Amino acid sequence: MATIELVLYKNGDEYEEVTLDDIEKRIDFDIVKKNLYCAFKGCPAKIEYVPRGKRIAHFKTWPMSDHSTDCEDFFEREKQKAGKKSLASNSVGLSDNHINNVLRNLINTIYETEEEKQIRLEKQRARKKNRKINKVTDESQNSEFTENIRPTTDKNVETTEEGRRAPSVKRRYNLSLLSEDDINTATALYEEVDSISIEDNRVIFKLKRNDKEANVYFEENFFNNSARNIDSMFKIVKKFFDDGNSVDLYCVGNVERRNGNICLVINKQSHIRINKMTIERFTFSITNPNLL
Numbered sequence: 001m002a003t004i005e006l007v008l009y010k011n012g013d014e015y016e017e018v019t020l021d022d023i024e025k026r027i028d029f030d031i032v033k034k035n036l037y038c039a040f041k042g043c044p045a046k047i048e049y050v051p052r053g054k055r056i057a058h059f060k061t062w063p064m065s066d067h068s069t070d071c072e073d074f075f076e077r078e079k080q081k082a083g084k085k086s087l088a089s090n091s092v093g094l095s096d097n098h099i100n101n102v103l104r105n106l107i108n109t110i111y112e113t114e115e116e117k118q119i120r121l122e123k124q125r126a127r128k129k130n131r132k133i134n135k136v137t138d139e140s141q142n143s144e145f146t147e148n149i150r151p152t153t154d155k156n157v158e159t160t161e162e163g164r165r166a167p168s169v170k171r172r173y174n175l176s177l178l179s180e181d182d183i184n185t186a187t188a189l190y191e192e193v194d195s196i197s198i199e200d201n202r203v204i205f206k207l208k209r210n211d212k213e214a215n216v217y218f219e220e221n222f223f224n225n226s227a228r229n230i231d232s233m234f235k236i237v238k239k240f241f242d243d244g245n246s247v248d249l250y251c252v253g254n255v256e257r258r259n260g261n262i263c264l265v266i267n268k269q270s271h272i273r274i275n276k277m278t279i280e281r282f283t284f285s286i287t288n289p290n291l292l
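What follows is the structure, encoded as structure tokens:
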């Protein structure tokens, strides 16, 4: 099946063609992504936008929405067993080593060269060829029940047992991609900081992209799990920001809802990077520029 490059945004009487290159740049991204359809004339298939994660960003056809037979993206669906149903939800703690790897991969992917990107995509395409696609659920088969594992950065939650695979961490390469589905789950996020607020044992980074805003909270748990001089480090970061410099935040935190708004809560110093560096290395580079 060919890759879908162009889709149609429909909202009431509004119709507009949308491509992969421009969808995330739109101010109305959250509305557009929920109203995507096949661009082939007369085809009713609903389309989903899948943001970049372990794979490249792409459009895909909704599982229960078929293309018209004359559509260039039409495909026959294969029957498969009914999907697994979640019996219960259980949180599993992420190790510091796992979080370090997630942050490293997040940064590397954002700043990869075109050559590195092509190598990564070729590997993904090779893996995809070995998988069966275009499947449809066979309702005659019983569903399997499974436990829903949610990663968390909470210190009081047990980490993955040795020998077992740790839960994967969602990667959001900008604030627009953070969604309701991420709530109660540890998620990796990259975004430029819009403002910094410092209080006693509480720091808030406000993030903003287009018309979407979210706060990143550093609170009691964070300060308990960080260096004693972490408050001084934040003051250095804030001064750097207030002097007109850009501050990029890379972090892994628990997504929550507070006062009706989505936010992230960071629980440890090692779970953040400032301008691609640990906060201690970043602040050292600011206060000792001649030593680096």
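Here full-length UniProt numbering is used: position 291 in the sequence shown is 291, and no number is missing along the way.
From the three backbone atoms N, C-alpha and C, an ideal C-beta is built for every residue, glycine too.
Note that the coordinates shown come from a computational prediction; the quantities given were computed from them, not determined experimentally.
Other residues of its chain near residue i: CB distance less than 8 angstroms, five sequence neighbours each side excluded
i	result
Ser176	Glu24, Phe29, Asp30, Arg209, Asn210, Lys212
Lys238	Ile196, Ile198
Arg257	Ile183, Cys263
Asn215	Ile204, Phe205, Lys206, Leu207, Arg258, Asn261, Cys263, Leu264
Asp73	Met1, Ala2, Ile4, Cys38, Phe40, Cys43, Ala45, Thr61, His67
Rounded straight-line distance, which links the Cα of residue j to that of residue i
i	j	result
Asn290	Tyr49	46 angstroms
Lys170	Glu191	15 angstroms
Asn184	Asp70	43 angstroms
Asn275	Ala188	15 angstroms
Arg26	Glu115	27 angstroms
Glu16	His67	19 angstroms
Asn261	Phe240	28 angstroms
Gly93	Ile272	17 angstroms
Ser86	Phe282	Annotation note: pLDDT 49 at Ser86 (below 50); position unreliable, no value reported.
Gln118	Asn259	42 angstroms
Gly12	Lys46	15 angstroms
Cys38	Ile230	51 angstroms
Ser195	Ser65	42 angstroms
Asn224	Gly53	31 angstroms
Asp248	Lys60	31 angstroms
Asp181	Ser285	37 angstroms
Glu14	Lys34	14 angstroms
Ser179	Glu280	30 angstroms
Thr278	Asn100	10 angstroms
Ala126	Val102	23 angstroms
Leu36	Asp243	42 angstroms
Ser168	Asn148	12 angstroms
Ile266	Pro51	23 angstroms
Classification of residue i by the beta-carbon crowding that lies within 10 angstroms, buried from 16 upward
i	result
Val7	buried
Arg172	buried
Phe218	buried
Leu121	exposed
Thr113	exposed
Ala186	buried
Arg104	exposed
Asn201	exposed
Asn174	buried
Phe75	exposed
Asp21	exposed
Same chain only: Cβ atoms within 6 angstroms of residue i, ignoring 5 sequence neighbours per side
i	result
His98	Ala166
Val157	Ser91, Gly93
Arg228	none
Cβ shell of residue i (< 7 angstroms), same chain only, five flanking positions each side left out
i	result
Thr287	Ile236
Asn3	Reading off the sequence, residue 3 comes out as Thr, not Asn. Closer than 7 angstroms at the Cβ level, and outside the excluded window around Thr3, lie His58.
Ser226	Lys268, Gln269
Cys43	His67, Ser68, Cys71
Val32	Tyr9, Val18, Ile23, Arg26
Tyr111	none
Extent of the continuous alpha helix (DSSP H) to which residue i belongs
i	result
Lys239	230-242
Val102	96-110
Glu16	Element bounds for Glu16: not the alpha helix (DSSP H) but the beta strand (DSSP E), 14-19.
Leu280	Position check: residue 280 holds Glu in this sequence, whereas Leu was assumed. Residues 279-287.
For residue j and residue i, believed in contact at Cβ under 8 angstroms, the rounded distance
i	j	result
Ile107	Tyr250	6 angstroms
Lys155	Asn221	7 angstroms
Val193	Phe234	Actually they are not in contact, since the Cβ atoms of Val193 and Phe234 sit about 12 angstroms apart, beyond 8 angstroms.
Thr153	Gly253	6 angstroms
Ser246	Arg150	Their Cβ separation, rounded to whole angstroms, is 33 angstroms, which puts Ser246 and Arg150 out of contact at 8 angstroms.
Range of the contiguous beta strand (DSSP E) that encloses residue i
i	result
Leu8	6-11
Asp248	248-258
Asn35	Taken as a continuous stretch (DSSP letters only), Asn35 belongs to no beta strand (DSSP E), as it is neither H nor E.
Arg171	170-172
Ser226	Per DSSP, Ser226 belongs to no beta strand (DSSP E) and is neither H nor E.
Phe205	202-209
Ser197	186-199
Arg273	272-274
Cys263	261-266
Phe59	58-61
Val216	212-218
Proximity test, residue i beta-carbon vs the ligand GDP heavy atom, cut-off 6 angstroms
i	result
Phe59	As presented, the structure is devoid of all ligands, the ligand GDP included, so that no description of it is given.
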